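Peer 1:
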Amino acid sequence: MFSDLESDYVNPVDLCDKLNPAYIAQLVIPEAAAHAFLALLFLLSGQWMALAWNVPLLAYNANKLINKNYMYDATEIFRTIEMHKKETFIRTGFYLLSFFYYLYRMIAALVADNE
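Note that the sequence shown ends on residue 121 in my numbering; no numbers are left out.
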């Protein structure tokens with residue numbers, strides 16, 4: 007979507023009208039809820055490293071929801087598009103690293119059970 011906006015294929019007002027309702031209902035709230043639930047599970051099970059790894063993004067998500075910074079503004083989308091792209095890449099990297107960490111911990115737990 008952002009590349010279409012940069013290439014001037016999409017009007018900023020149309021893009022924001024299309025992204026804001028779908029973005030909130032389908033991405034922001036479910037992601038924050040799932041992340042909070044996962045952090046709660048780490049807290050209850052005593053997985054302190056995994057909890058420490060997730061707390062910064064959990065705090066960032068909470069701050070974003072409380073301050074309502076997740077909405078796209080059509081008048082400022084061109085000024086903030088680089089920030090949105092950088093945030094997306096950082097989130098993707100975080101979730102990719104988390105996936106491999108959780109996979110490693112699962113395999114280590116399975117191997118420890120077999121011994």
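Glycine is no exception: its CB is placed at the ideal position from the N, C-alpha and C atoms. The structure displayed is predicted, hence computed values, not measured ones.
1) Between the stretch 63 to 72 and the stretch 31 to 39, do three or more beta carbon pairs fall short of 8 Å?
2) If the criterion is Cβ atoms closer than 9 Å, does the pair A42 and L64 meet it?
3) How many Å lie between N60 and A45 at the Cα?
4) Between C22 and A80, how many whole angstroms is the CB-CB distance? I'm expecting something under 8 Å.
5) Can you say whether A58 is buried or exposed, counting buried as having 16 or more other CB atoms within 10 angstroms of its CB?
6) Could you tell me the distance, in whole angstroms, from the CA atom of Y76 to the CA atom of M89?
7) Which residues bound the alpha helix (DSSP H) around Y108?
8) Tell me the rounded alpha-carbon separation between A56 and Y101.
9) Assuming Y78 contacts L25 (C-beta within less than 8 Å), just tell me the rounded distance between them.
10) Pull up the distance between the alpha-carbon of W54 and that of Y15, whole angstroms please.
Peer 2: Checking against the coordinates, here is how it stands:
1) By the Cβ test, the stretch 63 to 72 is in contact with the stretch 31 to 39, since at least three Cβ pairs between them sit closer than 8 Å.
2) Their beta carbons are under 9 Å apart, which means A42 touches L64 by this criterion.
3) Separation of N60 and A45 (C-alpha to C-alpha, rounded to the nearest whole angstrom) is 7 Å.
4) Your pair C22 and A80 checks out as a contact, with CB atoms roughly 4 Å apart and the cut at 8 Å.
5) Around the Cβ of A58, a 10 Å sphere holds fewer than 16 other Cβ atoms; the residue is exposed.
6) Rounded to the nearest angstrom, the gap between the Cα atoms of Y76 and M89 is 12 Å.
7) For Y108, the enclosing alpha helix (DSSP H) has its first and last residue at 83 to 120.
8) A56 and Y101: Cα-Cα distance of roughly 12 Å.
9) Distance from Y78 to L25 at the Cβ level is roughly 5 Å; contact confirmed, criterion being Cβ atoms closer than 8 Å.
10) When rounded, the distance between both Cα atoms is 47 Å.
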